[in-house]
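Here this note's numbering is used: position 127 in the sequence shown is 141, and no number is missing along the way.
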Amino acid sequence: MGYFVGLTAALAGNVVIGTGQCMQKSALNSLQRGGKASPRYKSPLWVLGLALNYAGEIFGNSLALSYLSAAVVAPLGIVSVIVNLLLAERFLGERVTPNQRFGFSVIMAGVGCILLVAPRKAAASSAAEFVEAVASSGILTLFTAMFFVQALFILLIRSGRQSLLLYVVVASMFGSMNVMASKLLTMFMRLRLTANAAAAPLPNPADIVFYGAKAASSSSGLSGAQVVAGVVMGLSIAGQESFRQQALGRYPVMEFQPVFFATFNVIATLSGLLLFRELDGWLHGAVFFGAFALGIGLIAYG
15 MGYFVGLTAA
25 LAGNVVIGTG
35 QCMQKSALNS
45 LQRGGKASPR
55 YKSPLWVLGL
65 ALNYAGEIFG
75 NSLALSYLSA
85 AVVAPLGIVS
95 VIVNLLLAER
105 FLGERVTPNQ
115 RFGFSVIMAG
125 VGCILLVAPR
135 KAAASSAAEF
145 VEAVASSGIL
155 TLFTAMFFVQ
165 ALFILLIRSG
175 RQSLLLYVVV
185 ASMFGSMNVM
195 ASKLLTMFMR
205 LRLTANAAAA
215 PLPNPADIVF
225 YGAKAASSSS
235 GLSGAQVVAG
245 VVMGLSIAGQ
255 ESFRQQALGR
265 YPVMEFQPVF
275 FATFNVIATL
285 SGLLLFRELD
295 GWLHGAVFFG
305 AFALGIGLIA
315 YG
């Protein structure tokens with residue numbers, strides 16, 4: 015049951031996200047045609063698109079992540095790409111060529127390969143499993159490594175070496191950090207809401223990451239770790255949106271979206287598998303990575 019709840023939430027959320035992204039692109043096009051120097055956030059249409067974007071993320075993908083692996087949720091982002099494609103063709107006048115249609119068909123085939131063998135279990139279904147999953151995840155190490163890679167790429171962009179790939183990698187890394195943080199937070203909220211009233215309080219994931227499982231279980235109230243985690247999550251959301259919008263302002267939506275989707279899918283999926291160890295043994299791992307390599311190859315070709 016949980017799998018289908020998560021699947022429905024992800025599908026609905028991505029329809030909303032694709033609609034919001036197309037609205038934002040429409041607002042940017044209007045500002046560019048009118049030669050207006052006003053910031054994009056003063057456009058009601060752009061603000062509404064942004065609101066839809068994050069409504070889809072929070073009530074769709076974030077909810078789905080509490081039930082599903084990121085290896086399932088991330089590939090379903092193809093739904094937002096397709097919605098964006100159809101709306102851009104219909105309302106923005108962006109022509110979709112036969113080659114582009116074929117490319118998107120190949121991308122969808124690649125996504126299907128990944129979804130067929132993706133893990134179908136959540137990282138934790140009980141409080142004990144949640145604490146163990148968070149404590150052994152190594153999320154601090156992963157986020158630190160991502161920070162240094164992002165800093166290097168941002169320096170390259172600021173030095174004038176701008177390319178679509180640089181913007182996409184930076185935005186995808188910020189997005190993957192959001193996915194991992196959202197997965198921890200939504201699992202925590204779901205388990206806490208469904209916990210037995212007599213059970214011991216479930217430790218906050220930020221406290222587990224920074225202080226360890228034993229120390230986190232004795233902490234109460236708002237801790238420094240929770241404040242730091244909140245700041246990092248807020249900055250990653252702002253970073254993803256900033257570089258995504260910069261890319262949308264420089265490149266056509268039909269060029270940006272497929273590249274961003276493929277890159278984000280790779281980083282988010284591998285991050286989730288690495289942190290939460292969701293594969294069932296070496297055989298599942300071998301089958302998954304074989305299908306994953308095939309799927310990514312199809313996505314890249316598309």
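Ideal Cβ placement from N, Cα and C applies to all residues, glycine included.
Whole angstroms are fine: how far does the CA of residue j sit from the CA of residue i?
i: asparagine 210; j: proline 217; result: 15 Å
i: glycine 309; j: isoleucine 281; result: 14 Å
i: isoleucine 222; j: arginine 204; result: 17 Å
i: serine 250; j: glutamine 240; result: 15 Å
i: phenylalanine 275; j: glycine 189; result: 11 Å
i: serine 151; j: proline 89; result: 22 Å
i: phenylalanine 290; j: glycine 107; result: 43 Å
i: glycine 311; j: phenylalanine 118; result: 13 Å
i: serine 44; j: proline 53; result: 12 Å
i: phenylalanine 144; j: glutamate 269; result: 39 Å
So, are the CB atoms of residue i and residue j less than 8 Å apart?
i: serine 285; j: leucine 156; result: yes
i: glycine 27; j: phenylalanine 73; result: yes
i: phenylalanine 302; j: valine 183; result: no
i: leucine 82; j: valine 148; result: no
i: valine 97; j: threonine 33; result: yes
i: leucine 99; j: valine 110; result: yes
i: isoleucine 121; j: glycine 316; result: yes
i: leucine 25; j: valine 86; result: no
i: glutamate 185; j: glutamine 254; result: In the sequence as displayed, the identity of residue 185 is alanine instead of glutamate. Yes. Within cutoff.
i: alanine 195; j: methionine 247; result: yes
i: threonine 200; j: leucine 77; result: yes
i: valine 30; j: alanine 84; result: no
Thinking C-alpha only, which one of the options is nearest residue i?
i: valine 93; options: Leu64, Leu297, Tyr81, Gly126; result: Gly126
i: histidine 298; options: Pro112, Pro133, Thr22, Gly32; result: Pro133
i: leucine 178; options: Arg54, Arg104, Pro266, Gly304; result: Pro266
i: serine 256; options: Ala165, Ile128, Tyr181, Ala88; result: Tyr181
i: leucine 262; options: Val19, Ala41, Leu59; result: Ala41
i: leucine 154; options: Gly304, Tyr225, Trp60, Ala165; result: Tyr225
i: arginine 91; options: Ala307, Gln259, Glu292, Asn75; result: Here the sequence assigns glycine to residue 91, which means arginine is not the residue at that position. Taking only the C-alpha atoms, the option nearest glycine 91 is Asn75.
i: arginine 264; options: Pro58, Gln176, Leu170, Ser140; result: Gln176
*Contact between the stretch 21-41 and the stretch 57-69 (3+ Cβ pairs under 8 Å)*: Flag = yes, the stretch 21-41 and the stretch 57-69 touch.
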